[in-house]
Amino acid sequence: MELLFASAIGVLTACGIYLILRQRTFPVILGLSLLSYAVNLFLFATGRLSVGAPPILQYGVETYTDPLPQALVLTAIVISFGMTAVIVMIALSAYLSENDDRIDMDNPSEPAKDDA
Amino acid sequence: MSHWIVLPIVLPALLAPFFLMVIRHHLDLQRIFSVAGVLVLNGITLALLNHAMSGEVSVYELGDWPAPFGIVLVLDRLSALMIVLTSQLALAVVLYAIWSGWDNRGRHFHPLLQFQIMGVSGAFMTGDAFNLFVFFEVLLIASYGLMIHGGGGTRLRAGVQYVAYNLIGSTLFLFALGTIYGVAGTLNMADLAVKAAEIPAEDTALLRIGAVLLLLVFSVKAAVLPLHFWLPASYSNAPAPVAAFFAIMTKVGAYSILRMFTLIFGPETPVAQGLAGEWLVYAALLTVAVGMIGTQGAAHVARMTAFITIGSTGTLMVAISLFTPEASAAAIYYLIHSTFATAMMFLVADMIIERRGDSISQRRPMQHGGVIAALFFGAAVAMAGMPPLSGFIGKLLVLDAAWDAPDVVLIWSVVLITSLIAIIGLARAGSLVFWKAFDTGSGRGDVDEDTARREGVVFPTDAPRLPFVPVFGLFAVLIALTVFAGPVMRFAEDTADQLYTPQLYIDAVLKGPGS
Amino acid sequence: MSLFLIAALPFLGAVFPALLIRAGRNACASAAGAVTLLALIGVLVNAPRVMAGGVVTAQIDWLPQLGMNLHFFMDGLGMFFATLILGIGLLIIIYARYYLSREDPMGQFYAYLLLFQGAMVGIVLSDNILLLVVFWELTSLSSFLLIGYWKHLPAGRQGARMALAVTGAGGLALIGGMLVLGNIAGTYSLSEILDQKELIQSSPLYLTALILILLGCFTKSAQFPFHFWLPHAMAAPTPVSAYLHSATMVKAGLFLMARLWPVLAGTDAWFYIVSTTGLVTMVLGAVIALFKDDLKALLAFSTVSHLGLITLLLGLGTQAGALAAVFHILNHATFKAALFMSAGIIDHETHTRDIKRLGGLRTLMPVTFVIATIASLSMAGIPPLNGFLSKEMMLEEISHTTWLDSHWFFPVLATIGALFSAAYSFRFIGHVFLGPVRDDYPSKPHDPGVGMWISPAFLVLLVIAIGLFPEAVAGNLVRTVTDAVMGEYGDYYPLKIWHGVTPALYMSGIAVVGGLILLALHRPLDKGWIATPRPEAKTIFDGLVGALTRACRGITDTLHDGAIGRYAAIFIVFVLVLGGYAFTTGAMGPQTRPMLEIEVLPAIGWFGLVAATLCIVAFHRNRLLSLVLIGVVGLVVTMLFNYFSAPDLALTQLSVEVVTIVLMLLALNFMPKTTPRESSVGRRTRDVLISVAAGLGVGGLIFAIMTRGFAFDTISEFHLANSYKGGGGDNVVNVILVDFRGFDTFGEIIVLGIAAIVIYAITEAIMQTSVRARLLNRVPDQPVAGDAHPLMMVVVTRLMMPVALMVAAYIFFRGHNLPGGGFIAGLIAAIAIIMQYMASGFGWAAARQHFPYHGIIGSGVLVAAVTGLGAWFNGMPFLTSAFGYIHPPGLEEFEWATAALFDLGVFLAVVGAVLLALESLSRYAWNPNIDSRHPMDINPSRDDNGRVIRKD
Amino acid sequence: MSLFRRFFPHPLLTVLLTLVWLMLVNRFSWNSVIFGFLLGVFIPFVIRPYWPNNPRISSPLKVARYIGVVIYDIFVANVTVAYQILFMRVDALQPAWISVPLRLRTPEAITTLAATITLTPGTVSCDLSSEGHNLLVHCLHAPDPDAVIQEIIDRYESRLMEIFE
Amino acid sequence: MGEIGDILTAIFLVVGGCFGLVGSFGLIKLRDPMSRLHAPTKATTLGVGGVLIASLIHSFVLEGYVSVHELLITLFLFLTAPVTALFLAKAHIHRHSEEEVLPSPGKDTCWAVLDERTSRQIIDEAEYGQDE
Amino acid sequence: MILSYALYFAFACFGLAVLMNLWKIITSEGVGDRVLALDTMVVNSIAILVLAGIQEGTEVFFEATMIIAMLGFVSTVAYARFMLRGNIIE
Ligand code: NA
Ligand code: NA
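Protein chains in written order, with the working numbering: chain R, -16 to 99; chain E, -7 to 507; chain U, 179 to 1130; chain F, 403 to 567; chain B, 185 to 316; chain H, 14 to 103.
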């Protein structure tokens, strides 16, 4: 099972990174989402896999899976959600402002002009 | 003492939601509270610094859970210093933003800045690796908001890049933390230090990966080559006060490297052998080079400032990468200098840009040109590391500390030669910006004003004078840093000693606040 | 007077002229002069002690850790230079008062000048080589300002930058050299270093230090091949040229060579490098000077030449050489400053410095004529003027110097140098003052007021006095200084004019006669000179700097071309390389954990995950489709979390994913629906390789971790053991989140809150730009179906929303003991409200929404923070939780916990953040003309025939 | 608006929510009833603006009967459709669109009808007409579309008319 | 009692499994997109329904009390499935409107999803007053 | 005994069903069909979770099942609304 799990994480990472290397904002955001799936599963798996041992204390049950990585993943999911929301919004606004959703900048040496 | 430690984090964390809830529509009130908050913060951090000067490592156990099971905040000399820097910088930035009107060019400047302060302070104070990640994210997301404050197409696109790059960095951070937890089973930094020292020699590979990933994450934040690519576009496109406050952001990366790679993966720790020392110094030297070269190559004031920032952090990283107490002491001195000098440079650059536009080569006289020229001169001297300002002292300290390093020739050559490039670049920029406007042959810049009018750019003719106050304040700090180099350096040496005696930290954290 | 005060006075004084300029030019100049005079007096007060062989010191520690301290000392050499600097400075200040015109900002000028003066005084009084470097670089900086003083002149700006570049480069070399020197000697204290000749000269690093230090000296003192900046610095106002470029700054290099003479001189390396450079510079400068038509250029190259001469003398490494050098420094300062001032007067009066346009000024400007002639003759080495004396001493010394076994090389070249020197000196007199009066001067000249000529006149008096009575006027001084240079007491002959018929006299004679001949032949020679092709230093320098700038810009812009794809690729490859390095240099033990058996259902899940992920890549150009596939990935991940004992994660993952998809769909509405195929095959191949490598790396890493046990006990055992006891909850994950690691959660909700307000702020910013109008007039890029708010959806939502809120409440309250918690509850509540937004539209729903989302976020964070602060009243740290049980009569007991209050904060922050973000995004689509009066478009029970009619 | 309607805008919803709470808690206790009831009052109060009107439901008995009919039909239809999917050739299926004229007027009633049609396998309600007087239904296999229309009207709509209007 | 419970549970499990499978099989087998839309109804109603009933019986037999969680899930599914189907059908008609031959919408103008008047976003302010 | 066979049978059925849904998601032509398949997969996943609950004799999956039932609907509606009107909240 570990092999399947690890390979799934590998595939998610690979696909995420491939999309991150694209030239439009949207696939890059998709790639970041995939990458965050990968890292969440990764972080989760550092507690080692176990089946049927959720970390909810029950009378008479002795073995529980490692709860800490789960808590960390929860935090990570939330944070990456916030980050995704922000980058989606910035990307959309950049697209609306410039009518161009390429992620590369043509003239990085040109400065920003204030619209506001 | 005890509860004071958490205040630098909690105070801004209370202020920001207060702004959002109660005085969202009252900029004046926000300004008042923002300044008051930062002033109080300064008082608190100075008190904490005063406390930390004694050499005691204070620990604050959040939720009353003992380390390593709960999260702790740790106040030692270094973290105290860093929060003092943060709050002082924040004061200058807040005042500049208010007086220059930058805070009114978009929404929520003040709450975002408070959150940013909170994130930065938390990153400096925390004694828990995952909590560090959380605070990194707090400061990053606040920085995303601040970076695109005011909007505009180019700035937004630069923002997309900034966020995307940092999201990759954050992901890497999680990979690193996962690896470290997966091996050592702990996240507390002091506990990790104990475990990293005890890890069996035949089982080091995974922890080494974790360590090096961590180093890379921090290198991204510190803008070490080749992980610096996020910086030029974002710093040069960020609003000036924000860019000025970002001066502390690269320091978060530098701080983290200094902390983690003295405490957990210290130069003596077997598991960390060859991880940081082997490549970081070269990367740092390349950073210096690219930064200074960029300074000479920039056609715009903001971009030039961004690159000289890279050069400055590069110098800092050279010192850090040596991982000796002397070099780290030099690094700490240079860090203080670099924070204020970079901020000052960005604010001065903003004054220039506000009055005459960003392009270095255009000829347009500006209001208050003489004072700004003097300030630019001061900032440039500081950034380029010319005497007599602290940049020079810092550079001397770094060079002197590198004397025993195997790559001393390389380090000296790169640092000195790139200084020259920076001097030439800054002199060129300064003379074009401030002197060329008076060129007798150019009709005193009329052509460019026409162009400007065509482009619809309006430059203020009655620029406010109050923004000069924080800039002079920063300059005064730099001068004080120069004059009191001795005491400051004494503190830096004490701090470095504390860093290289990690047992103090470990004992304080693991034995609890009572010990 | 304390040396501190002497060194500080000019710096402090620099403030006065800048401030006093409003009080008038005289006040300004007087302030500058007074400060200088005061400092000069301070030096002179100490003079008797120094002349008696004493050393005046003053010490304050500045940065003792580094060894950089404010240690000053004044011995003969220091005093000599300080007097020179302050004395000539005073004269220059007087001169400049009359020289500068009304348009020139005089306050700035004096401020810069005093800064420079202070820096120079600092150099010569420093007893610490790092301090010396500080002042050294300060002279570069202040001279940059002074040269560029006339900012309207391009020549001034360029000259300033050139000077700064060259002397700055030298300064950096000097820093290196001083650091090496200090590290050899183990101290940066100058007087301590001066005692360590053997140690230093035997060090393997001696040559390094020597070369680096000499680079500093040579650039500053305009020695070949760094001489070219000096003539370009002549774009500065003449007082600056006279001060910096004849009397003081260019002598800093000489000073330093003299200062370090005891430890650096005396070796072959010293001799060959220094004396040869000096000689070449001397000859070259003299030759070029002869052919310069600009008065100041002539003087500049003559200065180069004379600096070469002094360098040559210092390079000899002998006592007599040192004596001659010191003497010539004094003499050159007097006659050259006078000459510069004369040139300035001529320029000032005739409005030209072009020798070819001058001539015949003797009768028009008699005073100037006298001054300039005496100074020129001294420069030419004509007895009985002081220039003659030192030049004789030089020639005498040269005449018995062997260079690489050659007895004639030095004497011959020195004579040639002297000869050209005489020639250009004569030319200065002949072509400017002699000859017929012309009628085509740009301005009718006459002698200036006394204010302008008093300074050069005073200097010329010195020229004569020293020439006539060398021993009486300067004997003691020169010897004391030479002692200081040598670092030991020497045995000297008294200074005198007549030494008898020596080889030097012959050489002098040849030089004078030859000089006259050269002057006679000037016209044909000049033609030849002009016709001779030779490298133009400025062109080369500009070319170099231009190339440097272009190269820098090229490197920078190529490297930072805005292609984030490349940035990211570099990032990832770098991480992979270093990760691989860290792995291969470590050791990994064998697998220690048995693997779980593969079961069918998770295998199907694996298949679904991998297939969907690969499909996302394959179909990523169809953006909607890739979002649907992300939905698949999310579902499978949720199921996997369930399977692997992580119910909380499953809940979170799913609810986050739904919100994310809603968000992305909202954004996608305005964006292109497809991604064009843009990247080349090569790039795609590269990307695939990078991605696969990263995938393998990450997969391999986690596999290695999963198949091995923890190296140490994990801290989560504590969490499991204390969750109920200490945290009052059975759901350990939730207890970790709200209690053990509540601080993380506190940060996390802040992240979420910030995300929302950032999104809000962007919307605000965007809606104030032209984008708003574009959005209002936007034509949808795909056909739009009718019936925006279907009846069925609205009705179902009316039931689903309250039920979902109920579920949210349940998830919230049970979260401490069962899967759930404030965060998930918040998301579910938010989704319930989103459902309402989707059903009846933004306008209708928002009009019925009375809580400001900002406030909800803020209250969430505040509730969490205040809950955390509440612990203080118990004397406990931030976020310490408390819980207990309440037993109401007739009912079962139930648990209360402050953690629940904290969780409430989380709940509120999440609800507020999600809704604020979505509301902000929705505002892009909002149109004031969209009907928001009805919750549904079609409603047959409405009496209007059931339908909302829209038209354009 | 009466005071009662003000605090109990949807009394039936309050009951439903209390039941939902009990179902969530999955264990009967008076604590749960009281807490569920409090939430059941609070939540409709909060969302009152989003449900401005209040559907009238006449007879709970009829509701129960209706539910019984629907569950029975679901069983029957499931078997029928399973047979069609498994054993009929694809080209033998005769899918059909039908337009069901509606006498029902209240949105809640229409929704219930449409949901019923969808939940019984073999038919899916697809759309309303532009003024809401007809329901578009797709049948998986309907050789006689009119019979299906009639069945819908007889079995469901007439019952719903009694319940809702 | 336990025996009967197990058997009942098993029966409902088998029934649920079969109908769930048939539903997804239909999704593959049926060629007409509109016909495919019928498939999930099976999975939803009798497929999951069967399993839920099985679970209900099982928990009653095993734990001795009625677990009503399953009813709640059923409630959600029965509430949401029709709306999902409606939207998917609408989307289908919208995207393939030219291919489908729809019956007459009675005395109304057209089917709502094809109503061009409501597909525009702008409405006439003056036409209607407030209702509800 | 019979119960566990029935459970395995049901697992197999729904597992197979999920695989078929996946197949449909991957091979379908339009987005609409894929959303339909995804929605079916959500429903089948619910069944699998309930089965797992029966097998493990636990109620720990209940919350997840419920949330999936609730939220699968939201995302399906969102996709469909996007296809219909582009704007999912208007
Ligand atoms: Na979904
Ligand atoms: Na049906």
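By construction, the Cβ of each residue, glycine as well, lies at the ideal position given by its N, Cα and C atoms. Note that the coordinates shown come from a computational prediction; the quantities given were computed from them, not determined experimentally.
ask   = Taking buried to mean at least 16 other C-beta atoms within 10 Å of its own C-beta, is residue 14/H buried or exposed?
value = In the sixth sequence, residue 14/H corresponds to position 1, counting from 1. So residue 14/H counts as exposed.
task = Hey, could you find the ends of the beta strand (DSSP E) residue 144/E is sitting in?
result = The residue labelled residue 144/E in the question sits at position 152 within the second sequence. Residue 144/E -> no beta strand (DSSP E), and no H or E assigned at all.
task = Output the boundary residues of the alpha helix (DSSP H) element that contains residue 216/U.
result = Translated into the one-based positions of the third sequence, residue 216/U becomes position 38. Counting along the chain, the alpha helix (DSSP H) containing residue 216/U begins and ends at 203 to 229.
request  = Closer than 7 Å by beta-carbon distance: list the chain U residues that pair up with residue 65/R, in chain order.
outcome  = Looking up residue 65/R in the first sequence gives position 82. Result: 929, 930 and 933.
Meets three-Cβ-pair contact criterion under 8 Å: the segment 231 to 249 of chain E and the segment 76 to 86 of chain E = yes
ask   = Going along chain U in order, which residues have a C-beta closer than 8 Å to the C-beta of residue 300/B?
value = As a position in the fifth sequence, residue 300/B is number 116, starting the count at 1. Those are 964, listed as they occur along chain U.
request  = Below 8 Å between beta carbons is the criterion; list the residues of the segment 447 to 475 of chain F that meet it against any residue of chain U, in chain order.
outcome  = 448, 449, 451, 452, 453 and 454
query = What alpha helix (DSSP H) runs, 4 residues minimum, are completely inside the segment 444 to 482 of chain U?
reply = 454 to 468
query = Would you report the Cα separation of residue 760/U and residue 247/B, rounded to the nearest angstrom?
reply = In the third sequence, counting from the first residue as 1, residue 760/U sits at position 582. In the fifth sequence, counting from the first residue as 1, residue 247/B sits at position 63. Between residue 760/U and residue 247/B, the C-alpha separation is close to 54 Å.
ask   = Roughly how many angstroms lie between the CA atoms of residue 541/U and residue 439/U, to the nearest whole one?
value = If you number the third sequence from 1, residue 541/U lands on position 363. If you number the third sequence from 1, residue 439/U lands on position 261. The alpha-carbon atoms of residue 541/U and residue 439/U are separated by roughly 47 Å.
ask   = Contact check, residue 515/E vs residue 347/E under 8 Å by CB: the rounded distance?
value = Since the displayed chain E opens at -7 and closes at 507, residue 515/E lies outside it and no answer follows.
request  = Step through the CB atoms of chain U and report whether any lies within less than 8 Å of the CB of residue 547/F.
outcome  = Counting from one through the fourth sequence, the residue named residue 547/F turns up at place 145. Chain U, which has no Cβ nearer than 8 Å to the Cβ of residue 547/F, makes this no.
ask   = Is the CB-CB distance between residue 480/U and residue 288/U below 8 Å?
value = Translated into the one-based positions of the third sequence, residue 480/U becomes position 302. Translated into the one-based positions of the third sequence, residue 288/U becomes position 110. Contact flag unset, no.
query = So is residue 708/U buried or exposed if we call it buried at 16+ other beta carbons inside 10 Å?
reply = Locating residue 708/U in the third sequence gives position 530, where the first residue counts as 1. Residue 708/U should be labelled exposed.
task = Find the nearest neighbour of residue 473/F within the set 514/F, 518/F and 491/F, judged by alpha-carbon distance.
result = Counting from 1 along the fourth sequence, the entry for residue 473/F is found at position 71. Nearest option by C-alpha distance: 518/F.
task = Apply the 10 Å Cβ neighbour rule to residue 923/U and answer buried if 16 or more other Cβ atoms are within range, or exposed otherwise.
result = Here residue 923/U refers to the residue found at position 745 of the third sequence. Label assigned to residue 923/U: buried.
inquiry  = Less than 8 Å between the beta carbons of residue 1089/U and residue 1004/U, yes or no?
reply    = Here the question's residue 1089/U lines up with position 911 in the third sequence. Here the question's residue 1004/U lines up with position 826 in the third sequence. Yes, the pair counts as a contact, with Cβ atoms nearer than the cut-off.
request  = Answer with buried or exposed for residue 606/U, where buried requires no fewer than 16 other C-beta atoms within 10 angstroms of its C-beta.
outcome  = Position 428 of the third sequence, counted from the start, is the residue given in the question as residue 606/U. It is buried - the Cβ of residue 606/U has at least 16 other Cβ atoms within 10 Å.
query = Skipping 5 residues on each side, what residues in its chain have a beta carbon closer than 7 Å to that of residue 435/E?
reply = In the second sequence, the residue the question calls residue 435/E occupies position 443. Model confidence at residue 435/E stands at a pLDDT of 41, short of 50, so the residue's coordinates are unreliable; what they give is reported in the following sentence. Closer than 7 Å at Cβ, skipping near neighbours: no residue.
ask   = DSSP puts residue 295/B in a beta bridge; with which residues?
value = Here residue 295/B is taken as the residue at index 111 of the fifth sequence, counted from 1. Answer is 531/F.
message = For a contact defined as C-beta to C-beta under 7 Å, what are the partners of residue 268/B on chain H?
response = Numbered from 1 along the fifth sequence, position 84 holds the residue referred to as residue 268/B. 52, 86, 89 and 90, listed in chain order.
task = Can you say whether residue 919/U is buried or exposed, counting buried as having 16 or more other CB atoms within 10 angstroms of its CB?
result = Here the question's residue 919/U lines up with position 741 in the third sequence. Buried, since its Cβ has 16 or more Cβ neighbours within 10 Å.
inquiry  = Please confirm whether residue 227/B has its beta-carbon closer than 8 Å to some beta-carbon of chain U.
reply    = Here the question's residue 227/B lines up with position 43 in the fifth sequence. No, no contact with chain U.
key: CB contact below 8 Å: residue 2/R versus chain U   = To locate residue 2/R, count along the first sequence from 1; it is residue 19. By this cut-off, residue 2/R is an interface position.
key: Which residues DSSP lists as bridging residue 541/F, in chain order   = Along the fourth sequence, read from residue 1 onward, the residue named residue 541/F stands at position 139. Paired residue(s): 498/F and 525/F.
ask   = Between residue 641/U and residue 553/U, is the Cβ-Cβ spacing less than 8 Å?
value = Mapped onto the third sequence, residue 641/U falls at position 463. Mapped onto the third sequence, residue 553/U falls at position 375. It is a contact, given that the beta carbons lie within the stated cut-off.
Cutoff 7 Å; reference residue 528/F; Cβ partners in own chain excluding five residues on either side = Start at 1 with the first residue of the fourth sequence, and residue 528/F comes out as number 126. Within the same chain, residue 528/F has close Cβ partners 538, 539 and 540.
task = Mark residue 10/R as exposed unless 16 or more other C-beta atoms lie within 10 angstroms of its C-beta, in which case mark it buried.
result = Here residue 10/R refers to the residue found at position 27 of the first sequence. By the 10 Å Cβ count, residue 10/R comes out buried.
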